[in-house]
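To keep things clear, I will list the structure first and then write my remarks on it.
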Ligand SMILES: [Zn+2]
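In my numbering, the protein residues as written are 153 to 352.
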């Protein structure tokens, strides 16, 4: 299976009226062609990576790569190349990436906004995800909220991957004993990154 690679797309051809074929010396028999290459991933074009070209004689079928072209033909090819525009679809992948990045950063900022709201007004049942000194992750569950403090029951389990925290977030995993954290301390714990995320 091909995951990535590059592909050349034909974008322009023109018959040269003045140049002479170096092989059969017929005048006006050369067709100059320009191709634009693009990088693709999973068959989706990402972005163009430059142009390449060739000429073919209609009379003797001789093909010349750009580096094989005599100076006058090369010059004519360069003019054609500079006037040849490639199709916009060769940028489709790049466009998709930009949209994904913008969407991702928007979703991230919305998530942070919600977390700040949850920290400012805690509710019973809120789950705080945090990192333990051992490098593992665990959770705290809010069991009660008073004027200045939040009471949390610690999860008796921990897990090594942040993305798997949901696996240990089960009612029976939480300690029967809760302890209090001041609301100010809670805000500090979130702003310092001790609390990673809040789920409600
Ligand atoms: Zn020829």
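Glycine residues also receive a C-beta, built at the ideal position from the N, C-alpha and C atoms.
Ligand 1 heavy atom lying under 6 Å from the CB of residue i
i: residue 175; result: yes
i: residue 214; result: yes
i: residue 190; result: no
i: residue 170; result: no
i: residue 178; result: yes
DSSP three-state assignment for residue i, whether helix, strand or coil
i: residue 288; result: coil
i: residue 309; result: coil
i: residue 260; result: helix
i: residue 155; result: coil
i: residue 95; result: Lying outside 153 to 352, the shown extent of the chain, residue 95 is not represented and no answer is given.
i: residue 352; result: coil
i: residue 182; result: strand
i: residue 335; result: helix
i: residue 218; result: helix
i: residue 177; result: coil
i: residue 346; result: coil
Whole-angstrom C-beta distance between residue j and residue i, which should lie under 8 Å
i: residue 323; j: residue 294; result: So it is not a contact: roughly 13 Å between Cβ atoms.
i: residue 279; j: residue 351; result: 4 Å
Member of the options whose CA lies at the smallest distance from the CA of residue i
i: residue 163; options: 307, 340, 186; result: 186
i: residue 207; options: 178, 237, 168, 192; result: 168
i: residue 157; options: 181, 200, 292, 212; result: 200
i: residue 299; options: 336, 236, 259, 308; result: 336
i: residue 172; options: 210, 194, 196; result: 210
i: residue 240; options: 196, 205, 301, 262; result: 196
i: residue 194; options: 159, 178, 218; result: 159
i: residue 192; options: 303, 246, 252; result: 246
Cutoff 7 Å: residue i Cβ touching any chain D Cβ
i: residue 281; result: Among the chains of the structure shown, chain D does not appear; only one protein chain is present.
- Considering only residues of the region 231-278, which uninterrupted alpha helix (DSSP H) runs meet the minimum length of 4 residues and lie entirely inside it, listed in chain order? The region 231-278 contains these whole alpha helix (DSSP H) runs: 244-272.
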